[in-house]
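Residue numbers (the numbering used here), protein chains in the order written: chain X, 70 to 179; chain W, 715 to 824. For each residue, glycine too, the CB sits at the ideal point set by N, CA and C.
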Amino acid sequence: NAGVTQTPKFRILKIGQSMTLQCTQDMNHNYMYWYRQDPGMGLKLIYYSVGAGITDKGEVPNGYNVSRSTTEDFPLRLELAAPSQTSVYFCASSYSRGWYFGPGTRLTVT
Amino acid sequence: DAKTTQPNSMESNEEEPVHLPCNHSTISGTDYIHWYRQLPSQGPEYVIHGLTSNVNNRMASLAIAEDRKSSTLILHRATLRDAAVYYCIPYGGSQGNLIFGKGTKLSVKP
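In structure tokens:
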């Protein structure tokens, strides 16, 4: 199993640009999550999904959108990128009490 | 959600035991105590979890106080690879969210 994979690993955006962060898991987990982590801080939940077609906001959803058309994929969309969205983004999936995180996408908005 | 208190940082020598404390005095009766760690430039990874009694696995041991208001993660012989930020997270298993604090940054000296 590859676990949770994320692409790209790094990205630099200009203010106002848009992009999609990709996340895929091959463990058939229903629950998937997007977190962001600012320097020296813990992770904050952006959005999560309890299954295909069902998503909900987390703690810091503003400026982001998600969709979940399949069990495997949970892309995160940034519209009109802002410098405040400079962060490391982690995708995760879970089953019962086991959580699995991807390697992260480091995003810089300038 | 239960609030946790962990030391900001700790140091250890290689091959010595490390005891990482966590206070979670407002933990609910059904929350498990989870520990995750985050190696540099990686996503968090599961370490161990428990409810009431002490737990062991190949990575670590978890000692839980009788009143469940605190716990200690024990690494029996620290290696350089154990240098990471360790997060203590009370979690009810409702799949809603893992709430990450700032954790304890463990440094391991050769």
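G764/W is the residue among G764/W, I813/W, M773/W whose C-alpha sits nearest the C-alpha of K783/W. Residues of the segment 102–118 of chain X with a Cβ closer than 9 Å to any Cβ of chain W, in chain order: Y102, Y104, Q106, G109, M110, G111, L112, K113, L114, Y117.
The three-state secondary structure of R80/X, taken from DSSP, is strand.
Secondary structure at Q720/W: coil, using DSSP grouped into helix, strand and coil. At a cut-off of 8 Å between beta carbons, G85/X makes no contact with chain W. Rounded to whole angstroms, the gap between the alpha carbons of S87/X and Q154/X is 11 Å. Of the candidates E759/W, H790/W, C802/W, the residue whose Cα lies closest to the Cα of I778/W is C802/W. Judged by their CB atoms, N131/X and E148/X are not nearer to each other than the 8 Å cut-off. The C-beta of P758/W comes closer than 8 Å to at least one C-beta of chain X.
F170/X is not a Cβ neighbour of E729/W, given a cutoff of 8 Å.
With the criterion set as a beta carbon lying under 9 Å from some beta carbon of chain W, the segment 137–155 of chain X has no members that meet it.
In this model, K113/X and N771/W are separated by some 28 Å (Cα to Cα).
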